[in-house]
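According to full-length UniProt numbering, numbering within the sequence shown proceeds without interruption in unit steps and concludes at 1073.
Beta carbons: idealized from backbone N, C-alpha and C, even for Gly.
Since the structure is predicted, the reported quantities are computational estimates derived from the model, not experimental observations.
In what follows, a structure is listed as structure tokens, so that the remarks can point back to it.
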Amino acid sequence: MIGLDSVQRQAVESDAKTVIVSGGPGTGKTFLIAQRVLHLLNKGIPLSSMLLFTFSSASASRLRRRIEAEIRCSYDELWIHTFQSFAHSILAEFTSVRPSAGLPVSISPFREYLTIKELLRREQAGLRSKLKEVALKDGLARETSDFFGLLRQNLIRATDFTKIARRLSPELRDLARLYSVHEARMRGKHWIGPRDAIARVNELLGTEPNFLAEYQTKFSHILIDEFQETDPAQLRLIKLLASDEVSLFIVGDEEQRIYRFRGSSVGQFSDIADSRTGAVVFKLETNHRLSPVLHEAARNLIRHNYGEEPQARLFQHDQELRVLSSKDMVEQAYEVARDIKCRVLDSLQTPCPVRYSDCAVICRSTVESGFALEEAFSYYDIPYVLYNSTSFYKHPMVRFVADFVRLLTNPEDDGVLWKVLGLPAVGLDAVKLRRLISRLPAGEGKSLFERLKGIGNEAKPATANAPDDETMRALDEFFRYLEHIQHAVDTARPSALMQAIMSRFFYPAILSKENVAEGVRDSGNLRSLHEVVADIEAVLINMRGKCALADIVEYMDHAFAHFSSQQENDPAEEALDGVSIMTVHQAKGMEFPFVYLVDMTDECFPLLGRGLCLLDSRTLGDLAAHVPEHNVKGNAPTGHFHFLSNLEEQLKEERQLAYVAVTRASRQLTICFPQESRASEPVQPSPFIEELVGADALPVPQDRPDARDSHRIGTLLASSLNRQEIESVLRSCIRSLADDDEALQRLSSFFESLGLDGRFICVAEPFAREPQEPPRIAGHRYSASQLSVYLACPRRFFFEKILKIAPERPEDFGLGELVHLVLEYFHREVKEFGGDSDALMPTLMNAFHLIWRTSHIGPDGHRIPAFSMKFAVALQRAAVERRATEILTRYLRTEAEQAKDRRIIGCEKKSDFSVRGYPFVAKMDRIDLSTAGHIIIDYKTSSSGPKTPRSIKKKFLNVDGDPKYEPEDFQLPLYLLAGRNEGYRPGGLSYYWLGQEDSSGSFKKSLLRVCDDEPDCLSAEEMNEVETNIIAVVEQIAAGDFRAHPKSSFECTWCSFGHVCDAEQQDEPTDDQ
């Protein structure tokens, strides 16, 4: 309980059945959840009896890491869930108990949108309202999808909504009929949409009292973070699970409720307090994040929601809070980038230098602001992370694939052909192509496609204007590939064609990139496109019975239109290396030393008047009057549709959104607003800025002095170039004319007074003083398997680990994973063998059948389907089941005989640790406590491997002094370091070769002892050498050395990436070289 103030300690140690904790940003609410868990553990409450809810998967990950840092426990499950993931686990478990219910299938928001769009197309003729006229519009499908989701979150089923709409407008009656058809289809296919799972679970627990009783008995304590964001369906689930005997611990802040558009409701705290007897409320007042200046400014802002007068305070002289004005969004982006760059460079000589990851740019929409910020950060060579997965459709590679597919369906489209041929991946020089086309003879009635394709069939004229051989070869190769793909259009699935096009044109280009981060982004964009095509394919096959390439072309336009209007609003994971560019919603729960809040104009903050365009105000008013009446009759929580709120309520929530944004900064907040919108229309500063800092602190927009008043050259520059181009021109001129450092310093000051970047213009190497940190891949944690793949072939590592392209796997690949899962589950109960294998055999087989035949809970607390479903072929399933049974039986018999004196203290133990400053992660299969200390064990289901201590050491040490030695595998040394990090005293490292049987029927083992005074042991001196070897490999990875360099030709014979790898093109060094 270190670091708790008196109020926090009272809340953590309270024995009340219902504890409600509220507090502003930075008061330690989430920290209190972790401390509450630790307190309950100290009281003897097992982790498996605690259920923790949080709002997003990112928040759940952060909370899990925070709790695991305090707790060392290997067997009891830590149940940390979002409401969504918990609902999915309940549905999966119910299906495993009652298979006739059907296994639920989660679908993406985009797939549900496609399903509703196709439903509107099919049902258009039967619509009786004005919706019929717009049934085929993309916007109607989006709004209908959102509307249906809000109905489900407010616990209004199709039958209930039909009753409500019966007395209301024709539009609502049409929507009710569509809702009924859509719900019936979703249930018939066992599809679970993004907002379906919780509503389904509420229905299930309401009709299955025995099933509900199991969960009420299982969890004695329920803890909930960000409670203010719960919607009526989530609140109903909490009330079902939390019987009178269950303790509730709730934290949140009503002033930070920003997800009303997803269904979060007002008054949840009072609702839960009224429904539970003896509820105790604690209010956290001490702020541990914000400086006094930032805290005072934030409170000034939120006081307006209560009609209170802000404190008289001006902030224009405070370094913690700055307000900057720019001409437009582009200039704003460059000023932010320049400020960050200078901040990092100027702090290098200080004791605590600023890193790029200490800075975050928060905006209303990364779709709107991201492009200018990316351009500016690239200009200043600043690493950044843009948190927006919906902008992939803008990527040139994605656009090319889409255009290529259009060309397959319509080769006569000259405009599309022009776009495709202009891509660098095709290999045509744009100037030569344009010249060639301009000199083609006019063909009456012939398209550009026919005219270009016919060039190769004609005799090449011996003239100076004839196309060169390189252009002809590139055109010929392109048309041959196009013809090859056209032959497969009628037989191959569209998603497979997409994958083939990506492999042909882009994977080689991605591999040749020197910037690894760019390669990762490119491959991610292509992967997103492939997922979109797979969704379209699945929906059309389901609803039409088939999916042709022409259907994909039609729906891709709808898909791009859909994603152009979407904004990624899920909270982000932990900040990666580089400046974070994110929305306010994504920044929820995070903090940064330096925050830039951009686009603070009256167009973005507040954003009012959002509603449903498909329903007029009168219809919305009728709906608002009848929904509460239905909820009261149906004994459901009172819901609140965000589009039914008035402007005053919307303004309060917008102010809360700005409040969340400004409270992400711990050291300095910079508020930026442009004077022009994207459409070059004048805009005003957000009224929230004045509420934050006072009217007198706002900068007065004024024209900056420039060189046009004193020099005609300046006039010409300013009238024809933008600021960045002016800086580049001046840099070129100044550096060629001036060698005097003092004169350059004066010029730099002069340019700064004009609003230009004097450092860039006048300094020879303005950005040479970059932070000297060990090179590493952003956000990357290394592991033994990653190093083994890299040592086998760096190019394969790049494909598999960096681009995350899944390699082909052998048919029995899942055998090892299956054995690990079964043994993990078995050793949750069995810690000692006791010498009697027959007594333990039923327990082992029950664990196997549970994992193999039914769904089960994984290490992360999520429900996993039956393992047998991974194998589609019956013969393959039978072979894996037989082989796994043999291995498990042999394992138990061997250990019952040979491990009588050991106690198992850990199984599948995960550890995060560092090796000389580089982050690593390892998962140790088993840790035993024996008379010789701790033994760390690694299971192997393969049939070969090192058996003697010396052969084991040769995997990672040059024990023979071979000058050509290269390490192969660092698994056991990394396990040793991980074990020490977890507090163990490893006395031995062992391989269990479960797939190998000796003459006595036992499996084979290899043991490498850890000591300094015996031969064939791993000594401290040798471990120091191993660490040096590990770091050498890591530094090669971090430096981006991914050349194709397989350790043997055998690696290439089975590699999954041979068709796009250039290993065979590299020259082998000769003996002379």
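With distances taken between CB atoms, is the gap from residue i to residue j smaller than 8 Å?
i, j, result
"V532", "E118", "no"
"V880", "G814", "yes"
"C547", "V598", "no"
"V579", "C359", "yes"
"F249", "V19", "yes"
"residue 1079", "R122", "Past the edges of the chain, shown from 1 to 1073, lies residue 1079, and the structure says nothing about it."
"Y918", "V1034", "yes"
"I222", "A242", "yes"
"C584", "R364", "The residue asked about is misnamed: residue 584 is Val in this sequence, not Cys. Yes, they are a contact pair."
"I952", "L994", "no"
"R504", "Y481", "yes"
"P946", "K940", "no"
"R667", "H304", "no"
When you compare only the Cα positions, how much space is there between residue i and residue j?
i, j, result
"Y790", "G23", "48 Å"
"L178", "A624", "20 Å"
"M397", "M582", "23 Å"
"S749", "D522", "41 Å"
"T889", "L850", "16 Å"
"M600", "R9", "39 Å"
"K17", "S85", "25 Å"
"G524", "I805", "10 Å"
"M556", "W418", "19 Å"
"E968", "A402", "42 Å"
"L421", "L428", "7 Å"
"P842", "V830", "12 Å"
"A11", "K283", "9 Å"
"S325", "E13", "49 Å"
"A636", "A273", "With a pLDDT of 42 at A636, under the threshold of 50, the modelled position of this residue cannot be trusted; read the value that follows with caution. If I take the Cα positions, the gap works out to 17 Å."
"T638", "G267", "At T638, the pLDDT of 43 sits below 50, so the modelled position is not reliable and the matter cannot be decided from this model."
"G961", "D1012", "20 Å"
"E229", "D253", "9 Å"
"F147", "F1042", "49 Å"
"S347", "P807", "44 Å"
"E653", "K29", "21 Å"
"A312", "G193", "Only weak support is given to the placement of A312: the predicted model assigns it a pLDDT of 48, under 50, and the value that follows is read from those uncertain coordinates. If you take the alpha carbons of A312 and G193, they lie about 50 Å apart."
"E171", "S265", "26 Å"
"Q898", "Q586", "53 Å"
"S1019", "F31", "41 Å"
"R493", "R434", "35 Å"
"P104", "G3", "44 Å"
"R187", "M869", "21 Å"
"R828", "C907", "8 Å"
"F479", "K432", "17 Å"
Measure how close the beta-carbons of residue i and residue j come, nearest whole angstrom, since I'm counting them as under 8 Å.
i, j, result
"R980", "P973", "The pair is not a contact, with the Cβ atoms about 11 Å apart (cut-off 8 Å)."
"residue 1076", "L127", "Past the boundaries of the shown model lies residue 1076; the chain is included only from 1 to 1073, so the question cannot be answered."
"F377", "A337", "5 Å"
"V819", "I887", "6 Å"
"I33", "V251", "6 Å"
"H88", "S108", "That belief does not hold up - the Cβ atoms of H88 and S108 are roughly 14 Å apart, past 8 Å."
Contact criterion: CB-CB distance below 8 Å. Does residue i meet it with respect to chain B?
i, result
"C342", "Included in the structure is just one protein chain, with no chain B present."
Worksheet entry | 4-residue-minimum alpha helix (DSSP H) runs that sit fully inside the segment 914 to 998, ordered along the chain | The qualifying runs are 949 to 953 and 971 to 981.
Discussion item. Any contact between the segment 198 to 207 and the segment 141 to 161? By contact I mean 3 or more CB pairs, one from each, below 8 Å.
Written reply: Contact between the segment 198 to 207 and the segment 141 to 161 is present, with at least three C-beta pairs closer than 8 Å.
Worksheet item: Along the chain, which unbroken stretches of the beta strand (DSSP E) at least 3 residues long are found entirely within the segment 186 to 253?
Response: Counting only runs of 3 or more, we get 221 to 224 and 247 to 252.
Fill in: In chain order, each alpha helix (DSSP H) run of at least 4 residues that lies wholly inside the segment 100 to 172
Complete alpha helix (DSSP H) runs here, min 4: 109 to 123, 138 to 153 and 158 to 165.
Worksheet entry | Ordered list of beta strand (DSSP E) runs contained in the segment 582 to 612, each at least 3 residues | As far as the segment 582 to 612 is concerned, its whole beta strand (DSSP E) runs of at least 3 residues are 592 to 597.
Item to complete: Would you mind listing the beta strand (DSSP E) stretches within the segment 463 to 530 that are 3+ residues and don't spill past its ends, in chain order?
Response: For the segment 463 to 530, not a single whole beta strand (DSSP E) run of length 3 or above is found.
Worksheet entry | Contiguous alpha helix (DSSP H) assignments of at least 4 residues, all confined to the segment 1014 to 1041 | Annotation note: the segment 1014 to 1041 contains the following uninterrupted alpha helix (DSSP H) runs of length 4 or greater, listed N- to C-terminal: 1020 to 1038.
Discussion item. Any contact between the segment 132 to 143 and the segment 179 to 188? By contact I mean 3 or more CB pairs, one from each, below 8 Å.
Written reply: Contact between the segment 132 to 143 and the segment 179 to 188 is not established, with fewer than three Cβ pairs separated by less than 8 Å.
Worksheet item: Given 8 Å as the limit, is there contact between the segment 254 to 261 and the segment 650 to 667, that is, 3 or more CB pairs closer than that?
Response: With the rule of 3 Cβ pairs closer than 8 Å, the segment 254 to 261 counts as touching the segment 650 to 667.
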